[in-house]
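Below: the structure, in structure tokens.
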Amino acid sequence: MITALRSFAFMLIFYSGSLFFVLAAMLVGGLHPDMVPRIATAWSCFHRGCARWILGQIVVVDGDLPLGPYLYIIKHESMFETIDMLCLFDRPAIGAKRELLDIPLWGLIARRYGLIPIERSAGASALRALRSAARAATEQGRAICLFPEGTRVPHGEAPPLKSGFAGLYSLLGLPVVPIAVDSGRVSPRGRFMKRAGTITYKVGAIVPTGLDRKEAERIVHAAINALNPPRP
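If you count by our numbering, then the sequence shown holds residues 7 to 238, one letter each, in order.
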């Protein structure tokens with residue numbers, strides 16, 4: 007009963023509050039585009055606060071999170087980490103499906119913020135566009151965050167990485183920081199009910215540049231699934 011009430015309160019307060027941030031970004035962003043990242047970061051912090059004080063979800067970072075010109079590859083189990091990246095990093099450039107950037111209002115704000123559009127095809131032209139956007143972001147000193155599984159996956163599952171990761175690893179020439187997340191334990195994909203508990207980001211060892219693409223993919227895949235329950 008308490009879990010249901012908390013989940014309802016979270017939905018009501020977070021989504022109602024989000025409308026304020028969307029309107030603020032629309033009104034202010036047209037005149038002062040540089041304010042959009044600040045508004046987006048405030049929205050992310052609002053989301054983490056709602057998760058903490060309404061749902062009882064605590065965020066823990068296991069390991070030292072290096073800051074610099076890295077490609078951050080993150081496990082994707084729920085909506086939580088997609089929003090929380092703006093709390094974890096300073097104005098990160100986050101890869102998002104291009105279809106999301108076509109959503110009215112939200113898509114405009116996302117473009118002003120500087121999200122990196124990702125084509126589902128992951129063909130050569132899509133990779134070139136992704137590389138161009140990623141390089142522009144690194145020149146601005148922004149972290150690049152990608153969810154290589156392509157969609158949210160239930161906690162405990164470890165699907166193969168999308169083919170685009172290996173290509174981007176070679177094209178960008180950036181060391182990789184893999185990050186495991188277990189948000190799906192307390193905020194399962196597509197579920198209204200969200201439970202209290204700890205959401206952990208487990209930072210893996212830095213994967214250097216120049217490795218064989220398959221080897222880099224193997225290491226990263228294992229690292230982002232480090233919080234999965236052990237198989238029997």
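Cβ atoms here follow ideal geometry from the backbone N, Cα and C, with glycine treated the same way.
From a predicted model like this one, the values you see are computed outputs, not experimental measurements.
Residues bridged to I79 [DSSP beta-bridge criterion]: L152, P184
7 Å Cβ cutoff met for G35 and V42: yes
As assigned by DSSP and simplified to three states, the class of D68: strand
Reduced DSSP secondary structure (H/G/I, E/B, other) of P236: coil
One or two residues paired with Q63 in a DSSP bridge: G203
Per-residue DSSP class, three states only, for K103: strand
Beta-carbon proximity check, L167 vs P154, cutoff 7 Å: yes
Spatial neighbours of D68 in its chain, beta-carbon cut-off 8 Å, leaving aside the 5 residues before and after: T206, Y207, K208, V209
The region 210-228 in contact with the region 101-120 per 3-pair CB rule at 8 Å: no
Backbone secondary structure at I212 - three-state DSSP: coil
Sequence-distant residues of the same chain with beta carbon closer than 6 Å to H82, five excluded per side: F153, E155, R158
Residues that DSSP places opposite I122 in a beta bridge: G101
Coil, strand or helix - F198 by DSSP: coil
Member of K220, M32, F14 whose CA lies at the smallest distance from the CA of Y119: M32
Residue span of the alpha helix (DSSP H) that contains G23, given as start and end: 8-35
Test item: CB-CB of S176 and R219 under 7 Å: yes
Inter-residue spacing [alpha-carbon to alpha-carbon] between Q146 and P123: 17 Å
DSSP-derived helix/strand/coil call for L177: helix
Close-in-space but distant-in-sequence residues of the same chain around A139 (CB under 6 Å, 5 per side omitted): I122
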